[in-house]
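Chemist:
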RNA sequence: GGGGAGAUACCAAAGUGGCCAACUGGGGCAGACUGUAAAUCUGCUGUCGAAUGACUUCGUAGGUUCGAAUCCUGCUCUCCCCA
């Protein structure tokens, strides 16, 4: 499924090809988040034409609650339902156990939770989450894990990691006993946990590596811990996870986080920052980060991003985008999301290009300096 | 011409003797956001100060009172009803 193409001479960064039945994805890759069967504010057409997204995310928890599995199965799976013929990865809902923790309770069996929509009671088990993801029909599906919060004491982190591992065994078994429903291949990625503890991360990565799955994920990071701590964990884990399998760092992150993680050997990323923060006025450019709501842009009629990655970035002015966002106009969210996603995709593309030419480290450092600017 | 109501900060609008530099919205300014319960949330918004605090405010001019946005009097202005 995965082949490493080129390794960076001066870091652990590498490029690769990820093969799915919906197309080949070149890595490193950034996957826009489309939780509920839509990348918020962005047409599928723009996702392809303006942003050139190669793979996007969906979310099991959200899709399960709405529209529900009967609609998804009736539609012939998520690709047909949302009219997206490129690869899709679905998160398992493990993150929602974390982010909606007031509504959920864990047991050995699984997670018992109440719907945030109508309060109804539901249970997710490692098995049921595989089943639901078979019905949703993503190319890459994720094992059900517990994403531990930060801070998290050692004992809880260990208990949680062990539970995630036991759940993983059950998920793999169910996965092997079932088949995709729509005539294309699905693969299951397990998730490394272990909070911020070196030995737990090491133990978890070793365990995950023994499963021999076609790709591996690192979860439970970027939940509030300092970035340096996250990098340290990634480094520990990546030294153990097999080199010939893609490594997916879940939910990360800022442009700088991504560049650092690529350096450490991560291949896949997803994050809500470009869309959510974009809707809230944060605009990423090669010259730095802009809060477009700030008064200083009120009469700045220059392009959103002069050297921007998409026509949209160059077509509309900062003053206009500021006006739209401040006025709560839908078009503002749309423009910001498209621009930011295009920027993220461009950034990761550039990273791949520099890995190929062998000067990733130097380029990264220069890029990080630029990205550190708040303008 | 007669009768009535009102004037509070950028706007709207509470407050009707001390707990008031003044509730609450809006607007404005700034911040947060990392496997999306987020087109969301938080802070500030009289002046000076990092802050304790100091100073100047509730149409306007006086007055009563230890103390007034709040009570009294004059003035100015606005709105409503009847003719």
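Numbering (our numbering), first residue to last: 252 to 626.
We treat Cβ as the ideally placed atom computed from N, Cα and C, and that holds for glycine.
1) Going by DSSP, name the residue or residues bridged to residue 254.
2) Any chance the region 328–338 sits against the region 282–300, with 3 or more Cβ pairs inside 8 Å?
3) May I ask you to list the residues that DSSP assigns as paired with residue 660?
4) Is the separation between the beta-carbon of residue 552 and that of residue 622 shorter than 9 Å?
5) Sorted by chain position, which residues of the same chain lie with C-beta nearer than 6 Å to residue 598's C-beta, five sequence neighbours on each side aside?
6) For the beta strand (DSSP E) holding residue 342, just list the boundary residues, first then last.
7) Using a threshold of 9 Å, state whether the C-beta atoms of residue 471 and residue 442 are closer than that.
8) State the Cα-Cα distance for the pair residue 580 and residue 293, rounded to the nearest angstrom.
9) Closest to residue 401 by C-alpha separation, out of 376, 271, 513, 448, would be which residue?
10) For residue 508, which of 496, 473, 488, 373 has the nearest alpha-carbon?
11) Sort 480, 297, 516 by Cα distance to residue 240 and report the nearest one.
12) Here's the rule: buried if 16 or more other CB atoms are within 10 angstroms of the residue's CB, otherwise exposed. What is residue 624?
13) If you compare alpha carbons, which of 323, 337, 399 is closest to residue 346?
14) Would residue 257 and residue 511 qualify as a contact pair, given that the criterion is a beta-carbon distance under 9 Å?
15) Tell me, please, which residues DSSP counts as bridged to residue 276.
16) Assuming residue 555 and residue 590 make a contact with CB atoms under 8 Å, what is their CB distance in whole Å?
17) Going along the chain, which residues of its own chain have a beta-carbon closer than 7 Å to the beta-carbon of residue 433, five neighbours each way excluded?
18) Unbroken beta strand (DSSP E) runs of length 3 or more, entirely within the region 351–408: which are they?
19) Using 10 angstroms around the beta-carbon of residue 559, count the other beta-carbons present and answer buried if the total reaches 16, otherwise exposed.
Modeler: On the basis of the coordinates in this document:
1) Here residue 254 refers to the residue found at position 3 of the first chain. Answer by DSSP bridge pairing, in chain order: 268.
2) yes
3) An answer regarding residue 660 cannot be provided, because it is not within the stretch 252 to 626 covered by the chain.
4) On the first chain, position 301 is the one that residue 552 refers to. On the first chain, position 371 is the one that residue 622 refers to. Cβ atoms of residue 552 and residue 622: not closer than 9 Å.
5) For this step, residue 598 is matched to residue 347 along the first chain. These residues qualify, in order along the chain: 506.
6) Taking the first chain and counting its residues from 1, one reaches residue 342 at position 91. Per DSSP, residue 342 belongs to the beta strand (DSSP E) from 339–342.
7) Taking the first chain and counting its residues from 1, the one referred to as residue 471 is at position 220. Taking the first chain and counting its residues from 1, the one referred to as residue 442 is at position 191. Yes, Cβ-Cβ distance for residue 471 and residue 442 is below 9 Å.
8) Numbered from its first residue, the first chain carries residue 580 at position 329. Numbered from its first residue, the first chain carries residue 293 at position 42. Rounded to the nearest angstrom, the two C-alpha atoms are 14 Å apart.
9) Residue mapping note: residue 401 aligns to position 150 of the first chain, counting from 1. Measuring from the Cα of residue 401, the nearest candidate turns out to be 448.
10) Against the first chain, residue 508 aligns to sequence position 257. Among 496, 473, 488, 373, the Cα nearest to that of residue 508 belongs to 473.
11) Absent from the structure is residue 240, since the part of the chain shown begins at 252 and ends at 626.
12) Along the first chain, read from residue 1 onward, the residue named residue 624 stands at position 373. With fewer than 16 other Cβ atoms within 10 Å, it is exposed.
13) Residue numbering aside, residue 346 sits at position 95 when the first chain is read from its first letter. Here the closest residue by C-alpha is 399.
14) On the first chain, residue 257 is found 6 positions in, with the first residue counted as 1. On the first chain, residue 511 is found 260 positions in, with the first residue counted as 1. Taking 9 Å as the Cβ cut-off, residue 257 and residue 511 do not qualify as a contacting pair.
15) Within the first chain, the letter at position 25 stands for residue 276. Answer is 269, bridged to residue 276.
16) Reading the first chain from its first residue, position 304 is the one you call residue 555. Reading the first chain from its first residue, position 339 is the one you call residue 590. 6 Å between Cβ atoms; contact.
17) As a first step, residue 433 must be located in the first chain, where it is residue number 182. Around residue 433: 327, 328, 388.
18) 355–357, 362–365, 372–375, 391–393
19) The residue labelled residue 559 in the question sits at position 308 within the first chain. So residue 559 ends up on the buried side.
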